Amino acid sequence: MESAFSAADLSAIWLTFKLATVVTFILLLIGTPMAWWLARTPSGWKGAIGALVALPIVLPPTVIGFYLLVMMGPDGPIGHLTQSLGMGLLPFTFTGLVIASVFYSLPFVVQPLQNAFEAIPERAMETAATLRAKPLDTFFSVVLPLAKPGFLTAAVLGFAHTVGEFGVVLMIGGNIPGQTRVVAVQIYDHVEAMEYGSAHWLSAGMVLFSFVVLLLLYTFNPTGRRK
Amino acid sequence: MIRACFKLARPEFTLDVDTQLPARGVTALFGPSGSGKTTLLRCIAGLERASGSLHVDGAVWQDKTTFLPTHRRPLGYVFQEASLFPHLSVRANLEYGYKRIPPGERRVQPEQVIDWLGLGQLIERGDPAELSGGERQRVAIARALLASPRILMMDEPLSALDTASKQDIIPYLERLHRELSIPLLYVSHALDEVVRLADHLVLLQQGRVIASGPLGETLARLDLPTAHFDDAGVIVEAVVAQHDEVYHLTKLEFSGGSLWVGRVYQPPGSPVRARVLARDVSIATTAPQGSSISNILAARISEIRDEGADKALVRMAVGNEQMLLARITRRSSDLLDLFVGMHVFAQVKSVVLTT
């Protein structure tokens, strides 16, 4: 191991892991109500909000990164807000990276959750209500267990997608060791410096990690068990 | 007493109901599909939001300023499909509502209901997916009962079942009818279920209540669509009087007389509900002699109504309370010169026992 990864590599791996964990956690928190709303609302805004959430799937990461950079910058609305709150500016900080990643990975969490919620029949919620379950009780005792495969997929995809991001990180986070230099950027640096051996180790690690994660997801996620 | 007043516009019909339902016994909400009976039930349960008001035993469930959400209405609801939670075991399904009732307000215990609906063996099987349709529906009924409802509602609980499962579950429903002290609202489009289970009949048509009254009285009305069903007929609430072991017959007594039927396996004194269909009753103006029909009742015609070009429906009183319907041809009606108030003899060819 010591010969394979340098201290900077390990720092990048740790930072990537930390970023993906924090982002996945936040995404599950905000993605769940969003997905629930998208799955259940009769509102005409459903299409527009759904399209907005899905934008990161089709947009080049540089475009998202560019707009976030502008908004978080000294003259942007988010920049104004963070400055007035005494937080300073977010670009080129870990927090900025987290916020950018949340936007970037949002559809990968919201869409599996939305699909899972849509698959739950209205009848299950009605039944729970006739058995005295309050709405929040119903959510935790019926919806959550029935949507468990969806949550697993959402968490894994959200995590993996955050691990794999590059363009947004480069735009918003730059390349600060221990702050914003994630594995993808570290590999880029190695290649730039012609350190192909180091790039190989990290790249192969990413390939292996991604494959194992997806393998576990596809093997153990009990989808389609419901009758 | 349940007082329901609802208005709800739907693409297929407009529910427009202002009715009172008895808060005891079994009330059947009966009508063709699209008549609004399920929608009415869902409005009472709060699963559907109509404008209007709803009072149950004096408590306001809905009015201009109030709308109790379903989870705050003390009701039990059985859907057409059992709707068991697939992620929970049979027992956890049963206890889902029970656990959500404060211990002081529980009026039934799981073991009691398990015994009542014969679920002892099913519980051992654990996974609801392994139960048959009829078994699942029994679990759903037990689950609803365990929520200690003040009113139990069933939305066509048998219609998704095959005939065998239906036969399997009806005795349990009849038992509920006998032993349950809470009112049951029962939605159905099958007259044979209604006559077996109901005490009170509410007829719906295109979103409106067209009749509401005691089952026997309402089924004997000639002005309602039920009178024109092929299996139109009356209900006779009778008591087993005696058995004839030689000919394997049983004598039933009711307020206006008695009827001989095929051997009933219930002891004398047991109440039974019988059905006499209009097509099984013929009329004679003089006491028939030498007839093979053993059930001949003196009756008095109270109403005659033409039915189509060839048939006529005749309503007769046997004694003071019991009504009979006879479906005869218009030709016979004219040949016999039947008129309202006329004393005649009703010949009952067959009696259907429902219990």
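Protein chains in written order, with our numbering: chain F, -12 to 214; chain R, 7 to 361.
Every residue, glycine too, gets a C-beta built ideally from N, C-alpha and C.
Computed from a predicted model, the values in this text were never measured in an experiment.
Quick one: give me the first and last residue of the alpha helix (DSSP H) that P122/F is part of. In the first sequence, counting from the first residue as 1, residue 122/F sits at position 135. Note, P122/F: alpha helix (DSSP H), 122 to 125.
Does the separation of the CB atoms of P273/R and V245/R fall below 8 Å? Taking the second sequence and counting its residues from 1, the one referred to as residue 273/R is at position 267. Taking the second sequence and counting its residues from 1, the one referred to as residue 245/R is at position 239. If you check the CB distance, P273/R and V245/R do not come in under 8 Å.
Cβ-Cβ separation, G239/R to G325/R (assumed contact under 8 Å), whole Å: To locate residue 325/R, count along the second sequence from 1; it is residue 319. To locate residue 239/R, count along the second sequence from 1; it is residue 233. Actually they do not touch by this definition, with Cβ atoms about 17 Å apart.
Could you tell me whether the Cβ atoms of E243/R and S194/R are closer together than 8 Å? By one-based count along the second sequence, residue 243/R stands at place 237. By one-based count along the second sequence, residue 194/R stands at place 188. Against a cut-off of 8 Å, the Cβ pair of S194/R and E243/R comes out as no contact.
Mapping the DSSP letters down to three states, classify E141/R as helix, strand or coil. Residue numbering aside, residue 141/R sits at position 135 when the second sequence is read from its first letter. Three-state result, E141/R: helix.
L157/F bridges to which residues according to DSSP? Your numbering for residue 157/F matches position 170 in the first sequence. For L157/F, which the question treats as bridged, DSSP gives no partner whatsoever.
If you measure between the beta carbons of V96/R and P134/R, is that distance less than 8 Å? The residue given as residue 96/R occupies position 90 in the second sequence. The residue given as residue 134/R occupies position 128 in the second sequence. Taking 8 Å as the Cβ cut-off, V96/R and P134/R qualify as a contacting pair.
Just to confirm, does V252/R get its C-beta within under 7 Å of one of the non-hydrogen atoms of the ligand ADP? By its list of ligands, the structure shown contains no ligand whatsoever, and the ligand ADP lies outside what it can speak to.
Alpha-carbon to alpha-carbon, A26/F and K214/F: Within the first sequence, residue 214/F is the residue found at index 227, counting from 1. Within the first sequence, residue 26/F is the residue found at index 39, counting from 1. Below a pLDDT of 50, predicted positions are generally treated as unreliable, and K214/F, at 34, falls in that range; no measurement from the model is reported.
Limits of the unbroken beta strand (DSSP E) element including N6/R: Shown here, chain R extends from 7 to 361; a query on residue 6/R therefore has no answer.
Spatial distance of V297/F from S(-2)/F (CA atoms): With chain F running from -12 to 214 in the structure shown, residue 297/F is simply not present.
Proximal chain R residues relative to V129/F, where beta-carbon distance stays under 7 Å: Within the first sequence, the letter at position 142 stands for residue 129/F. Those within 7 Å of V129/F in chain R are F91.
Nearest to L186/R (by Cα), restricted to the options V66/R, Q68/R, A148/R: On the second sequence, residue 186/R is found 180 positions in, with the first residue counted as 1. Proximity to L186/R across V66/R, Q68/R, A148/R peaks at A148/R, based on C-alpha coordinates.
Same chain, Cβ closer than 7 Å to T319/R, five either side skipped, listed in chain order: For the purposes of this step, residue 319/R is identified with residue 313 of the second sequence, where counting begins at 1. Looking at the sequence itself, residue 319/R is Leu, so the reference to Thr does not match. Counting only Cβ-Cβ distances below 7 Å, and skipping sequence neighbours, we find L228, A233, A284, R311, E313, L331, R333.
By Cβ distance below 6 Å, which residues in the same chain neighbour H61/R in space, the five residues on each side in sequence not counted? Stepping through the second sequence from its first residue, residue 61/R is reached at position 55. So the list reads R9, once near-sequence residues are dropped.
How far does the beta strand (DSSP E) with A352/R in it extend, from its first residue to its last? On the second sequence, position 346 is the one that residue 352/R refers to. Note, A352/R: beta strand (DSSP E), 349 to 354.
To the nearest angstrom, how far is it from the Cα of E87/R to the Cα of A247/R? For the purposes of this step, residue 87/R is identified with residue 81 of the second sequence, where counting begins at 1. For the purposes of this step, residue 247/R is identified with residue 241 of the second sequence, where counting begins at 1. So the alpha carbons of these two residues sit roughly 40 Å apart.
Straight-line CA distance for M(-12)/F to S185/F? Here residue -12/F is taken as the residue at index 1 of the first sequence, counted from 1. Here residue 185/F is taken as the residue at index 198 of the first sequence, counted from 1. Because M(-12)/F carries a pLDDT of 41, less than 50, the predicted location of this residue cannot be relied on, and no value is offered for it.
Using DSSP bridges, identify the partner residues of T335/R. Counted from its first residue, the second sequence places residue 335/R at position 329. Beta-bridge pairing links T335/R to K317/R.
Mapping the DSSP letters down to three states, classify A56/R as helix, strand or coil. The residue you call residue 56/R lines up with position 50 of the second sequence. Here A56/R sits in coil by DSSP.
Collapsed DSSP secondary structure at G137/F in the structure displayed: To locate residue 137/F, count along the first sequence from 1; it is residue 150. In the structure shown, G137/F sits in a helix (DSSP, three-state: H, G or I).
Exposure label - P189/R; buried when at least 16 CB within 10 Å: Walking along the second sequence from the start, residue 189/R turns up at place 183. By the neighbour-count rule (16 or more Cβ atoms within 10 Å), P189/R is buried.
For P132/F, the nearest candidate out of V9/F, A106/F, A(-6)/F (CA to CA): Taking the first residue of the first sequence as 1, we reach residue 132/F at position 145. It is A106/F whose Cα lies nearest to the Cα of P132/F.
Using the Cα positions of S300/R and V354/R, report the straight-line distance between them to the nearest angstrom. Within the second sequence, residue 300/R is the residue found at index 294, counting from 1. Within the second sequence, residue 354/R is the residue found at index 348, counting from 1. Near 8 Å, if we compare the C-alpha coordinates of V354/R and S300/R.
Would you identify the three-state DSSP class for F146/F, choosing helix, strand or coil? In the first sequence, the residue the question calls residue 146/F occupies position 159. Under the three-state reduction of DSSP output, F146/F falls in the helix class.
K70/R, enclosing alpha helix (DSSP H) - first and last residue: Within the second sequence, residue 70/R is the residue found at index 64, counting from 1. Run containing K70/R: none; DSSP gives neither H nor E here.
Does T114/F have its Cβ less than 8 Å from a Cβ in chain R? Taking the first sequence and counting its residues from 1, the one referred to as residue 114/F is at position 127. At least one CB atom of chain R sits nearer than 8 Å to the CB of T114/F.
Per-residue burial, R119/F [other beta carbons within 10 Å of its own, 16 or more giving buried]: Residue mapping note: residue 119/F aligns to position 132 of the first sequence, counting from 1. Classification of R119/F: buried, given that the 10 Å Cβ count is 16 or more.
For chain R, is any of its Cβ atoms less than 8 Å away from the one on K5/F? As a first step, residue 5/F is located in the first sequence; it is residue number 18 there, counting from the start. K5/F does not count as touching chain R.
Neighbourhood of L221/R by C-beta, 8 Å cutoff - its chain only, sequence neighbours within 5 removed: Along the second sequence, read from residue 1 onward, the residue named residue 221/R stands at position 215. Closer than 8 Å at Cβ, skipping near neighbours: A34, V200, V201, A204, D205, H206, L207, I241.
Beta strand (DSSP E) segment containing I175/R, residue limits: Counted from its first residue, the second sequence places residue 175/R at position 169. Run containing I175/R: none in the beta strand (DSSP E); it sits in the alpha helix (DSSP H), 169 to 185.
So, Q328/R versus S261/R, is the Cβ gap smaller than 8 Å? The sequence position of residue 328/R within the second sequence is 322, counting from 1. The sequence position of residue 261/R within the second sequence is 255, counting from 1. Yes, the Cβ-Cβ distance between Q328/R and S261/R is below 8 Å.
Please determine, among V40/F, L76/F, I0/F, F207/F, the residue with the shortest C-alpha to C-alpha distance to G137/F. As a first step, residue 137/F is located in the first sequence; it is residue number 150 there, counting from the start. Closest by alpha carbon: F207/F.
Could you spell out the range, first to last residue, of the beta strand (DSSP E) harbouring Y104/R? Start at 1 with the first residue of the second sequence, and residue 104/R comes out as number 98. No beta strand (DSSP E) contains Y104/R, which is instead part of the alpha helix (DSSP H) from 96 to 104.
Residues near A111/F by beta carbon distance below 7 Å, same chain, minus five either side: Locating residue 111/F in the first sequence gives position 124, where the first residue counts as 1. Closer than 7 Å at the Cβ level, and outside the excluded window around A111/F, lie V129, L133.
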